[in-house]
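**Q** One structure, pasted below without further comment.
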Amino acid sequence: MHQQLTNLSDKELISRARKQDREAEGVLMDRYSHLLVAITLPYLDKAPKPDPNIVFPTLLQRLSASLKTQTIYKANEWILHIQKTYFNSPDKNIPFYPSRDGRDLLHIENKVEKAGTNIIDRQDLAVRLEQALGRMNADDRDLITQFYIDNKSFADLTAAKGLTREKLRNQLKAAKGKLAKLYMNQGYV
Amino acid sequence: MFSSKPNNEKILKVFSGIRCLSKDQLPRYMEGRLTDVEKHLVEQHLTDCDLCFGALQALEQEAGNEQYQDLTGKLQRYIQDSIQPVSHVHKVARYTKKEKTKESLLVYFWLVAFLVIGVASVYVLRGHLRNQPPPRMLASSQPPAADSATAPAGEVASQPIVTAEQPAPAPGHQTTTTPASVKPAATTTANTPAPAKPTPLPAPAATADSIARAKAAALKAQQKKQAADSLRKAQALQKQQDSLKKEKEKEKDNDDKKPEPAPAPKQEPKEPAPPKKENPQPGEPINSDEYLYRAAMVYQQQGNLSEAIDRYKRIASNSSGKYAEMATYQLAICYRSKGQMARARRMFREVIRMDGSLKNNAQQALDSM
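Written as structure tokens, this is what we have:
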């Protein structure tokens, strides 16, 4: 049973966890536990030095509670949000809601996923994306082409452009956001 | 279009969803122990995912890999410990709940089943009790019928034949046929004359019983039985016709004799009649009205409406008072059941105009039409 659950997608696990399937909830938490630990490590060394025996169970409880009530599009964003709110404003319980840009990205990702192996849909999507890409400025277009289409790694790009990895990532992320926006607004052009 | 197909397909990669880094992917990426393809996928994901990038940065900065490994192991164990027993308990609880609901459903089922059986048995018993009297009544009324077959059955048998073969007999004939027609009517309406006919011995108990029943039984329920009884009677009588043709001839010959036996049965039904009809001991014409009326009733119950209407008309035109009113009322009912609503309405209005005991009934019938 446990083995079968580990093969399921986040979406499926979340929907099962909502139906009081504690095992699915456990598998979902287990899947992200190492990342949760990793992003929490810096906070554990900071001034109040919270006890990990309290921090993690509390975090898990919060996650479990919000799992049943919130709409979760992406598990990683949701976990990060819960963790950030826990450390930045422990008293508040701010619900997670994806931003407008995030929703654009999500929409296109869903479209690509839905197109699957349907050649017509994929062609249509690709053509529209190319059109959107054509309307981007040259720097962003180059960056996206080099990274996604020419398969260049972070190391190659940072070496070529003289940027730090963080900056490069931020630029890539921003370019991707712009592409998504252009794609979404194509109907209105 | 096709020339740019490879590019086309590749551009979809920008928006392909990639899973977060797994527990062993993270250190391998940090140590550069990934294949090119895997590394590229990880980097694509890192561009989107703040959680993974944050984790990567934290691990690179901290370099406290031991603490990370330790805490991760502990957290995973904690999750498994807290989830699995609960899930097991949950499963057991769910199973017991299922069993309980099953049991309670079974209990409800049997309760409902017993209730239904109880109600059904009561219903059947009531039906049985309700249907019991007729056989008894038949039993009590059939021996007299058998008895009467010997002496007055000839008269009884003569009645339908006279009316059937000779629809408009002479007035003298009418008087002779009417006493005969009393018998089916009397036996069917309330069984009052039936026990009176054969012998006076069982009369007191039987008459009291029959009077009580006549009062208690509703008209509709009785009418059905009466119709059935009278039909049976008529059939029985018709069977007897063949054997009693000789007697018929005798009757036709001896018209003078008939009035003599007629008064005897006439007076007998009169004795139980007064409580019912409150007739003062009437003379000959009123009696004939009554017989005519009853004969018409028999025709009506047998479904021979035109014959019944004929009789009722005769009563309504010839006589006056109670029987005229009742005949008019029955005439209206006959017309109504024949579907001649205008005539029925006129008759009901006439009954109302007569201002007798049936005025209210007629008014109600008129309103409901």
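Here the protein sequences come in this chain order: A and B. Residues 1 to 189 (the UniProt record's numbering) are what the first sequence spells out, left to right. Residues 1 to 369 (the UniProt record's numbering) are what the second sequence spells out, left to right. Idealized CB from N, CA, C, for every residue including glycine.
Tell me which same chain residues have a C-beta within less than 6 Å of the C-beta of alanine 308(B), skipping the five on either side of it?
**A** Stepping through the second sequence from its first residue, residue 308(B) is reached at position 308. The answer, listed in chain order, is Ala296, Tyr299, Gln300 and Cys334.
**Q** Report buried or exposed for tryptophan 110(B), applying the criterion of at least 16 other Cβ atoms within 10 angstroms of its Cβ.
**A** The residue labelled residue 110(B) in the question sits at position 110 within the second sequence. Exposed, by the Cβ-count rule.
**Q** Is any beta-carbon of chain B found at less than 8 Å from that of methionine 184(A)?
**A** Numbered from its first residue, the first sequence carries residue 184(A) at position 184. Chain B, which has no Cβ nearer than 8 Å to the Cβ of methionine 184(A), makes this no.
**Q** Cutting at 7 Å between CB atoms, please list the residues of its own chain near isoleucine 18(B), excluding the five before and the five after it.
**A** Here residue 18(B) corresponds to residue number 18 of the second sequence, with the count starting at 1. Closer than 7 Å at the Cβ level, and outside the excluded window around isoleucine 18(B), lie Leu41, Gln44 and His45.
**Q** Quick one: complete beta strand (DSSP E) runs, 3+ long, within the segment 30-62 of chain A?
**A** Whole beta strand (DSSP E) segments, 3+ residues: zero.
**Q** Beta-carbon within less than 7 Å of leucine 34(B)'s beta-carbon, same chain only, minus the 5 sequence neighbours each way: which residues are those?
**A** Residue mapping note: residue 34(B) aligns to position 34 of the second sequence, counting from 1. Taken in chain order, the residues that qualify are Arg28 and Val42.
**Q** In this structure, how does DSSP classify leucine 201(B) when only helix, strand and coil are distinguished?
**A** Start at 1 with the first residue of the second sequence, and residue 201(B) comes out as number 201. Because the pLDDT at leucine 201(B) is just 45, under 50, the model does not fix this residue reliably, and the value given afterwards should be weighed accordingly. Note: leucine 201(B) maps to coil in three-state DSSP.
**Q** Is there a Cβ of chain A sitting closer than 8 Å to that of tyrosine 78(B), yes or no?
**A** Stepping through the second sequence from its first residue, residue 78(B) is reached at position 78. True, the Cβ-Cβ gap to chain A drops below 8 Å.
**Q** Return the CA-CA distance between arginine 77(B) and methionine 184(A), expressed in angstroms with no decimal places.
**A** Locating residue 77(B) in the second sequence gives position 77, where the first residue counts as 1. Locating residue 184(A) in the first sequence gives position 184, where the first residue counts as 1. Cα to Cα, the separation comes out at about 44 Å.
**Q** Give the residues from the segment 35-47 of chain A that approach chain B closer than 9 Å (Cβ to any Cβ), ordered along the chain.
**A** Cβ contacts with chain B: Leu35, Leu36, Val37, Ala38, Ile39, Thr40, Leu41, Pro42, Leu44 and Asp45.
**Q** What in chain A is Cβ-close to phenylalanine 114(B), meaning under 7 Å?
**A** For this step, residue 114(B) is matched to residue 114 along the second sequence. Chain A residues near phenylalanine 114(B): none, gap ~37 Å exceeds 7 Å.
**Q** In its own chain, which residues sit with a C-beta less than 6 Å from the C-beta of alanine 316(B), not counting the 5 before and 5 after it?
**A** The sequence position of residue 316(B) within the second sequence is 316, counting from 1. Once the five neighbours on either side are set aside, the close Cβ partners of alanine 316(B) are Ala324, Ala327 and Thr328.
**Q** Locate the alpha helix (DSSP H) running through residue 264(A), then write down its first and last residues.
**A** It is not possible to answer for residue 264(A), since the shown part of chain A is limited to 1 through 189.
**Q** Which value, in whole angstroms, describes the spacing of the CA atoms of glutamine 10(A) and lysine 97(B)?
**A** Locating residue 10(A) in the first sequence gives position 10, where the first residue counts as 1. Locating residue 97(B) in the second sequence gives position 97, where the first residue counts as 1. Rather than glutamine, the amino acid found at residue 10(A) in this sequence is aspartate. Each residue's alpha carbon lies about 30 Å from the other.
**Q** Can you tell me the Cα-Cα spacing of glutamine 3(A) and aspartate 30(A), whole angstroms?
**A** To locate residue 3(A), count along the first sequence from 1; it is residue 3. To locate residue 30(A), count along the first sequence from 1; it is residue 30. Between glutamine 3(A) and aspartate 30(A), the C-alpha separation is close to 13 Å.
**Q** What's the C-alpha gap between leucine 143(A) and leucine 172(A)?
**A** Taking the first sequence and counting its residues from 1, the one referred to as residue 143(A) is at position 143. Taking the first sequence and counting its residues from 1, the one referred to as residue 172(A) is at position 172. Going by the C-alpha atoms only, they are around 7 Å apart.
**Q** Alpha carbon to alpha carbon, what distance is there between lysine 91(B) and lysine 178(A)?
**A** The count along the first sequence starts at 1 and reaches residue 178(A) at position 178. The count along the second sequence starts at 1 and reaches residue 91(B) at position 91. If you take the alpha carbons of lysine 178(A) and lysine 91(B), they lie about 49 Å apart.
**Q** With respect to the alpha helix (DSSP H) encompassing arginine 103(A), which residues constitute its N-terminal and C-terminal limits?
**A** For the purposes of this step, residue 103(A) is identified with residue 103 of the first sequence, where counting begins at 1. Note, arginine 103(A): alpha helix (DSSP H), 100-115.
**Q** If we ignore side chains and look at the alpha-carbon of each, how far apart do lysine 359(B) and arginine 349(B) end up?
**A** Looking up residue 359(B) in the second sequence gives position 359. Looking up residue 349(B) in the second sequence gives position 349. Using only the alpha carbons, I get a separation of about 9 Å.
**Q** So what does DSSP say about glutamate 23(A), is it helix, strand or coil?
**A** In the first sequence, the residue the question calls residue 23(A) occupies position 23. Three-state result, glutamate 23(A): helix.
**Q** Considering only residues of the same chain and omitting the five flanking positions on each side of threonine 85(A), which have a CB-CB separation below 6 Å?
**A** The residue given as residue 85(A) occupies position 85 in the first sequence. Within the same chain, threonine 85(A) has close Cβ partners Ile94.
**Q** Tell whether a beta-carbon distance below 8 Å holds between alanine 138(A) and leucine 125(A).
**A** Sequence index remark: in the first sequence, residue 138(A) carries index 138 (1-based). Sequence index remark: in the first sequence, residue 125(A) carries index 125 (1-based). Result no, Cβ atoms of alanine 138(A) and leucine 125(A) do not sit closer than 8 Å.
**Q** Closest by CA to leucine 28(A), which one among Met136(A), Ala180(A), Leu60(A) and Lys111(A)?
**A** On the first sequence, residue 28(A) is found 28 positions in, with the first residue counted as 1. Checking every option, the nearest Cα to that of leucine 28(A) belongs to Leu60(A).
**Q** Checking 8 Å against the spacing of the C-beta atoms, do arginine 16(A) and isoleucine 83(B) come in under that value?
**A** Taking the first residue of the first sequence as position 1, residue 16(A) is located at position 16. Taking the first residue of the second sequence as position 1, residue 83(B) is located at position 83. No, the pair does not count as a contact, with Cβ atoms beyond the cut-off.
**Q** Alpha carbon to alpha carbon, what distance is there between leucine 67(A) and leucine 71(B)?
**A** As a position in the second sequence, residue 71(B) is number 71, starting the count at 1. As a position in the first sequence, residue 67(A) is number 67, starting the count at 1. Approximately 23 Å between the Cα atoms of the pair.
**Q** Could you check if alanine 151(B) is buried or exposed, using at least 16 other CB atoms within 10 Å of its CB as the buried criterion?
**A** By one-based count along the second sequence, residue 151(B) stands at place 151. With a pLDDT of 41 at alanine 151(B), under the threshold of 50, the modelled position of this residue cannot be trusted; read the value that follows with caution. Its Cβ having fewer than 16 others within 10 Å, alanine 151(B) is exposed.
**Q** Just verifying my parser: in three-state terms, what is the DSSP assignment at threonine 164(A)?
**A** Position 164 of the first sequence, counting from 1, holds the residue named residue 164(A). Looking at threonine 164(A) - three-state DSSP - the assignment turns out to be coil, as it is neither helix nor strand.
**Q** May I have the straight-line CA-CA distance separating aspartate 121(A) from asparagine 110(A), to the nearest angstrom?
**A** Stepping through the first sequence from its first residue, residue 121(A) is reached at position 121. Stepping through the first sequence from its first residue, residue 110(A) is reached at position 110. If I take the Cα positions, the gap works out to 13 Å.
**Q** Closer than 8 Å, Cβ to any Cβ of chain B: which residues of the segment 119-138 of chain A, in chain order?
**A** Listed by position along the chain: Arg122, Gln123, Leu125, Ala126, Val127, Leu129, Glu130 and Leu133.
**Q** Taking only three categories from DSSP, how would you classify alanine 264(B)?
**A** For the purposes of this step, residue 264(B) is taken as residue 264 along the second sequence, with counting starting at 1. Because alanine 264(B) sits at a pLDDT of 43, beneath the cut-off of 50, its placement in the model cannot be relied upon, and the point is left open.
**Q** Classify valine 351(B) as buried or exposed, calling it buried when 16 or more other Cβ atoms lie within 10 Å of its own Cβ.
**A** As a first step, residue 351(B) must be located in the second sequence, where it is residue number 351. Valine 351(B) is buried by the Cβ-count criterion.
**Q** With a threshold of 16 other CB atoms inside 10 Å of the CB of threonine 101(B), please say whether the residue is buried or exposed.
**A** Residue 101(B) sits at position 101 when you count from the first residue of the second sequence. The residue is exposed, with fewer than 16 neighbouring Cβ atoms inside 10 Å.
**Q** For arginine 135(A), does the three-state DSSP call read helix, strand or coil?
**A** The residue given as residue 135(A) occupies position 135 in the first sequence. Reduced to three states, the DSSP call for arginine 135(A) is coil.
**Q** Could you check where the alpha helix (DSSP H) with leucine 8(A) kicks off and where it finishes?
**A** Indexing the first sequence from 1 puts residue 8(A) at position 8. Unbroken run through leucine 8(A): none, as it is neither H nor E.
**Q** Comparing C-alpha positions only, which one of Lys322(B), Ser320(B) and Tyr312(B) sits nearest to alanine 332(B)?
**A** Numbered from its first residue, the second sequence carries residue 332(B) at position 332. Alanine 332(B) has its Cα closest to that of Tyr312(B), out of Lys322(B), Ser320(B) and Tyr312(B).
**Q** To the nearest angstrom, how far is the alpha carbon of lysine 338(B) from that of leucine 305(B)?
**A** If you number the second sequence from 1, residue 338(B) lands on position 338. If you number the second sequence from 1, residue 305(B) lands on position 305. In a straight line, the C-alpha of lysine 338(B) is about 8 Å away from that of leucine 305(B).
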